[in-house]
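Below is one structure, written out as structure tokens; the observations come after it.
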Amino acid sequence: MKKILLCSAACLLALSSCDMDINENPNYPASGDITPTLEFPAVQNAIAAVPGDAMFTYGGYFAQYFEQRPEYNQYNNIAELHFDEASQLFDRCYRTIYAGAMTDIKDIESKTTNTANLYVCKVMTALAMQYMVDACSDAPYTEACQGSSNPNPVWDDGKSVYENVLKAMDDAEAAIAASDNIDMTDPMFSKNLNSWKRFANALRLRMYMRLIDANVDAANYTAKAKAIVANGILPVSDVVFNVYSNAEGQYNPWYGNIFSLNANNFCAAYPLVTYFNATNDPREAYALNKATASGKYVGEIPGAKTKYLDWDGTKLMDKDVSLVNTEVAKAMPVYLFTLSEVEFLKAEVELRFNNDEAAAKADYEAAVENDFLSRQVAGYSDFIAGDKVNFDKQATKEDKLNLIYMQKWVALFYRNHFEAWSEQRRTDVPVLSSASAEKVHKDPTSYTAGNLIAPAVNYYGKGGLCKRMPYPSTARQLNKNTPAVKTLADPVFWDVK
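As structure tokens, then:
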């Protein structure tokens, strides 16, 4: 019951913080009556809603975990990359970040001098801004949330946003007074400051890798990444926002939307299923159902829903594919950072920067095992011995690195699809298949299991994959400093490959 009440309070506060009317709303408490103790859960709730709701869907399509179920039509435009600013796909996330989380953070920072409170606010700011930059490349930061005194904040370039939030987090951690402890309600870590420091290091490591691969002060950030791995002050469990339950009205936000629509639009994408099958991965059964007619796991070719009649006369409704088991998500927490992701990042640092294959292997295997444990799926020992996923059986250092990336892609399925999409853009793994969707359909031998496929119907313009979210339509309408329109082909600042 405590968890349910906390969730309700957080949601109420999040809604109140989004009320942009300059007049006091009698249905909400006045700003002066809301204390940081009550306000901080709303910050966490709002930021968790970004990867845990809309971007769980969109990232699921972009990372090619999901495809549009043949019988339904809700996400045809996402599957076919047929959207722009007018589609308003990122608008809800944008409002949630700024009118919700960032506005509340600014308010908390104006009401407390507790250095531990201020530090965790900077950590959550860094996470929120990471989401903004990874989606849109630029973000209001230096002039954000100044209200009527600055209704047109500048959009800072993504590189400077990353660097500024990292510095702010570092400075706030260095300023924590020995006498200060978190005294705000904290659903994520129950006021454990050490857990917050571990999470901050994981967040730093994630962002450092993107800066390094963008060749931004690479030597400095490489040294910092190596130091974090060496120090070992990193999460020891999944970092989650976990206030959901099996009760209607208290569902996981993504599942709650599915429940309200009374429709499961999601079937499994071909790349995910083929890789599961090729590696004999028992995690396939975690969130996928076998196709009804064949009794096998079958994936849908990306963006191909309307193309089968053109290719071979197959009727759309005759497609026998594996549906996503949405019931798994009913009370699922929002995974902000999995222990598996931490271990994969450590493995990458050890292999790329320390040339320590033994340490990389240990971290890689820990990453995979922790994902099995997180899902409560048996069979890890047999799985990791398989030729395609065994670290020692990869011929070259590059092969070992690609295996780390591929298994991270698998482990982020049904955990954090936003991060899966971001990591695919950063690493280019899974790679984009050279075979077209039609070629894969007609000649499966032309395709390597797990490779991504350019959608069969693709409005992207270059036959490729989605590289960014459009700027929010809300920002375009209300802020004259919103940058010039970008297309889905324009990468974010750290996606330079």
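According to mature numbering (1 follows the signal peptide of the UniProt record, and there is no 0), the residues represented by the sequence shown are -19 to -1, 1 to 478, in order. The C-beta atom is built at its ideal place from N, Cα and C for all residues, glycine as well. Since the structure is predicted, the reported quantities are computational estimates derived from the model, not experimental observations.
C-alpha gap between residue i and residue j, whole angstroms
i: residue 77; j: residue 28; result: 7 Å
i: residue 434; j: residue 417; result: 7 Å
i: residue 465; j: residue 193; result: 27 Å
i: residue 46; j: residue 95; result: 43 Å
i: residue 232; j: residue 226; result: 6 Å
i: residue 318; j: residue 160; result: 29 Å
i: residue 119; j: residue 139; result: 5 Å
i: residue 527; j: residue 342; result: Nothing can be reported for residue 527, as the shown portion of the chain is limited to -19 through 478.
i: residue 290; j: residue 67; result: 30 Å
i: residue 280; j: residue 357; result: 23 Å
i: residue 347; j: residue 64; result: 39 Å
i: residue 203; j: residue 385; result: 18 Å
i: residue 123; j: residue 145; result: 9 Å
i: residue 196; j: residue 206; result: 14 Å
i: residue 72; j: residue 469; result: 16 Å
i: residue 353; j: residue 245; result: 25 Å
i: residue 4; j: residue 80; result: Per-residue confidence for residue 4 stands at a pLDDT of 37, beneath the threshold of 50, marking its modelled position as unreliable; no derived number is given.
i: residue 213; j: residue 178; result: 11 Å
i: residue 271; j: residue 53; result: 18 Å
i: residue 199; j: residue 188; result: 12 Å
i: residue 387; j: residue 411; result: 6 Å
i: residue 269; j: residue 132; result: 46 Å
i: residue 389; j: residue 215; result: 18 Å
i: residue 294; j: residue 437; result: 15 Å
i: residue 92; j: residue 238; result: 35 Å
i: residue 173; j: residue 101; result: 11 Å
i: residue 164; j: residue 20; result: 12 Å
Classification of residue i by the beta-carbon crowding that lies within 10 angstroms, buried from 16 upward
i: residue 55; result: exposed
i: residue 439; result: buried
i: residue 142; result: buried
i: residue 241; result: exposed
i: residue 477; result: exposed
i: residue 444; result: exposed
i: residue 273; result: exposed
i: residue 130; result: exposed
i: residue 321; result: buried
i: residue 400; result: buried
i: residue 374; result: exposed
i: residue 103; result: buried
i: residue 475; result: buried
i: residue 49; result: buried
i: residue 98; result: buried
i: residue 288; result: buried
i: residue 128; result: exposed
i: residue 335; result: exposed
i: residue 296; result: exposed
i: residue 284; result: buried
i: residue 229; result: exposed
i: residue 8; result: Residue placement at residue 8 is flagged as unreliable, the pLDDT there being 43, under the threshold of 50; the coordinate-derived value follows with that caveat. It counts as exposed.
i: residue 277; result: exposed
i: residue 166; result: buried
i: residue 303; result: buried
i: residue 349; result: buried
Cβ distance (whole Å) where residue i is taken to contact residue j below 8 Å
i: residue 345; j: residue 328; result: 4 Å
i: residue 74; j: residue 35; result: 6 Å
i: residue 168; j: residue 25; result: 6 Å
i: residue 44; j: residue 402; result: 5 Å
i: residue 183; j: residue 323; result: 5 Å
i: residue 191; j: residue 209; result: Contact flag wrong, Cβ pair sits at about 14 Å.
i: residue 89; j: residue 17; result: 4 Å
i: residue 263; j: residue 359; result: 7 Å
i: residue 432; j: residue 252; result: 6 Å
i: residue 235; j: residue 422; result: At roughly 30 Å, the Cβ-Cβ gap does not stay under 8 Å, so residue 235 and residue 422 are not in contact.
i: residue 372; j: residue 378; result: Going by Cβ atoms, the distance from residue 372 to residue 378 rounds to 11 Å, so no, they are not a contact pair.
i: residue 393; j: residue 446; result: Not quite, the Cβ-Cβ distance comes to about 16 Å (not below 8 Å), so this is no contact.
i: residue 223; j: residue 314; result: 4 Å
i: residue 286; j: residue 51; result: 6 Å
*Check whether the segment 399 to 417 touches the segment 366 to 374, counting contact only when three or more Cβ pairs, one atom from each stretch, lie closer than 8 Å.*
Under the 8 Å Cβ criterion, the segment 399 to 417 does not count as touching the segment 366 to 374, having fewer than three qualifying pairs.
Q | Unbroken stretches of the alpha helix (DSSP H), 4 residues or longer, contained in the segment 401 to 474 | A | 418 to 423, 454 to 459
If you pair each beta-carbon of the segment 255 to 272 with each one of the segment 57 to 64, do three or more pairs fall below 8 Å?
no
Item to check | the segment 449 to 467 in contact with the segment 289 to 307 per 3-pair CB rule at 8 Å | outcome: no
Residue ranges of each beta strand (DSSP E) run of no fewer than 3 residues wholly in the segment 123 to 208, ordered along the chain? none
**OP:** Would you mind listing the beta strand (DSSP E) stretches within the segment 22 to 76 that are 3+ residues and don't spill past its ends, in chain order?
**Re:** 47 to 49
Checklist entry - What are the complete beta strand (DSSP E) segments, minimum 3 residues, inside the segment 213 to 252? => result 220 to 222, 247 to 249
Worksheet item: Just checking, does the segment 148 to 161 make contact with the segment 110 to 126 on the three C-beta pairs under 8 Å criterion?
Response: no
So within the segment 274 to 357, which uninterrupted alpha helix (DSSP H) runs reach at least 4 residues, ignoring any that extend past its ends? 289 to 293, 320 to 333, 338 to 356
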